[in-house]
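Structure record follows, encoded as structure tokens.
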Amino acid sequence: DAGVIQSPRHEVTEMGQEVTLRCKLISGHNSLFWYRQTMMRGLELLIYFNNNVPIDDSGMPEDRFSAKMPNASFSTLKIQPSEPRDSAVYFCASSFSGAGNTDTQYFGPGTRLTVL
Amino acid sequence: TQLLEQSPQFLSIQEGENLTVYCNSSSVFSSLQWYRQEPGEGPVLLVTVVTGGEVKKLKRLTFQFGDARKDSSLHITAAQPGDTGLYLCAGGPNFGNEKLTFGTGTRLTIIP
Chain A
19 DAGVIQSPRH
29 EVTEMGQEVT
39 LRCKLISGHN
49 SLFWYRQTMM
59 RGLELLIYFN
69 NNVPIDDSGM
79 PEDRFSAKMP
89 NASFSTLKIQ
99 PSEPRDSAVY
109 FCASSFSGAG
119 NTDTQYFGPG
129 TRLTVL
Chain B
2 TQLLEQSPQF
12 LSIQEGENLT
22 VYCNSSSVFS
32 SLQWYRQEPG
42 EGPVLLVTVV
52 TGGEVKKLKR
62 LTFQFGDARK
72 DSSLHITAAQ
82 PGDTGLYLCA
92 GGPNFGNEKL
102 TFGTGTRLTI
112 IP
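Note that the protein sequences, when read in sequence, are chains A and B. Numbers 19 to 134, taken from the numbering used here, label the letters of the first sequence in order. Numbers 2 to 113, taken from the numbering used here, label the letters of the second sequence in order.
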């Protein structure tokens, strides 16, 4: 089975531009997580969905960030307008959430975003 | 806010040596996970511990969850170059709750 798929793998853009990151979940998984990783702040949870519903978006930095799940297997993270401080590696992860289990999150390879 | 501090932040040792990495918090976690991340890839789960005092072994890696469920350690015996990577601990606040809090990470380099 294919793992979590993210695109693009690398994105370089100029300040003020809109950036859209994409993620395809592992087939059968029903939870989706967006993380951001930087040297200074480590790995931070931005938002997570369960069964297409946003459960916790307290990690979303500000209104410039938005995330959607248009269907059960796909998600987008949008930054508009982008700023240099948004430069980071963005990961999505998926898991299967079932009663009574400690869920394993499977991470994608990440998108390295550079905002000039 | 729950924080997980890992130590050391960086560790570089010779192949064949033993090492221990620590993950500490002032908060109680119902579960604790350890991940390894290699350059250009996402973190990969190594183990989950859920019971205070629990010890799990994965080949040369030994994981322990503190009795009070506030801390954990990872011990590697006879380290090999393939063990090189970023090691992350992650705490789950409630059993079955999906939100994880990740630690600050330990970057380990094994020198051949």
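For every residue, glycine included, the Cβ atom is placed at its ideal position computed from N, Cα and C.
- Item | Neighbouring residues, chain A, relative to residue 106 (chain B) (Cβ below 7 Å) | Here the question's residue 106 (chain B) lines up with position 105 in the second sequence. Result: 60.
- Query: Which residues in the same chain have their Cβ closer than 7 Å to the Cβ of residue 56 (chain A), if we skip the five residues on either side of it in sequence?
  - Reply: To locate residue 56 (chain A), count along the first sequence from 1; it is residue 38. Excluding positions up to five away in sequence, the list reads 106.
- For chain A, is any of its Cβ atoms less than 8 Å away from the one on residue 165 (chain B)? There is simply no residue 165 (chain B) to check, as chain B begins at 2 and stops at 113 in what is shown.
- Query: Can you give the Cα-Cα distance for residue 128 (chain A) and residue 66 (chain B), rounded to whole angstroms?
  - Reply: Taking the first residue of the first sequence as 1, we reach residue 128 (chain A) at position 110. Taking the first residue of the second sequence as 1, we reach residue 66 (chain B) at position 65. Distance between the alpha carbons of residue 128 (chain A) and residue 66 (chain B) is about 29 Å.
- Looking only at DSSP bridge pairs, what is residue 111 (chain A) linked to? Here residue 111 (chain A) corresponds to residue number 93 of the first sequence, with the count starting at 1. In the DSSP output, where bridge partners are listed per residue, residue 111 (chain A) has A:51 and A:125.
- Helix, strand or coil for residue 83 (chain B), going by three-state DSSP, please let me know. Within the second sequence, residue 83 (chain B) is the residue found at index 82, counting from 1. In this structure, residue 83 (chain B) counts as helix in the three-state DSSP scheme.
- Message: Can you look up residue 104 (chain A) in the DSSP assignment and give me helix, strand or coil?
- Response: On the first sequence, residue 104 (chain A) is found 86 positions in, with the first residue counted as 1. It is helical.
- Message: Can you look up residue 58 (chain A) in the DSSP assignment and give me helix, strand or coil?
- Response: The residue you call residue 58 (chain A) lines up with position 40 of the first sequence. In this structure, residue 58 (chain A) counts as coil in the three-state DSSP scheme.
- Message: Does residue 58 (chain B) come out as helix, strand or coil in the three-state DSSP assignment?
- Response: Taking the second sequence and counting its residues from 1, one reaches residue 58 (chain B) at position 57. In this structure, residue 58 (chain B) counts as strand in the three-state DSSP scheme.
- Out of curiosity, what's the CA-to-CA distance linking residue 59 (chain B) and residue 73 (chain B)? To locate residue 59 (chain B), count along the second sequence from 1; it is residue 58. To locate residue 73 (chain B), count along the second sequence from 1; it is residue 72. The alpha-carbon atoms of residue 59 (chain B) and residue 73 (chain B) are separated by roughly 15 Å.
- Query: Beta-carbon of residue 46 (chain B) versus every beta-carbon of chain A: anything under 8 Å?
  - Reply: The residue labelled residue 46 (chain B) in the question sits at position 45 within the second sequence. Yes, contact with chain A.
- Nearest to residue 91 (chain A) by alpha carbon, out of A:40, A:61, A:104 and A:103? Numbered from its first residue, the first sequence carries residue 91 (chain A) at position 73. Ranking the options by Cα distance to residue 91 (chain A), first place goes to A:40.
- Task: Could you check if residue 112 (chain B) is buried or exposed, using at least 16 other CB atoms within 10 Å of its CB as the buried criterion?
- Result: Start at 1 with the first residue of the second sequence, and residue 112 (chain B) comes out as number 111. Flag for residue 112 (chain B) reads exposed.
- Could you work out which residue in A:53, A:42 and A:66 is closest to residue 131 (chain A) when comparing CA atoms only? In the first sequence, counting from the first residue as 1, residue 131 (chain A) sits at position 113. Closest option to residue 131 (chain A), Cα to Cα, is A:53.
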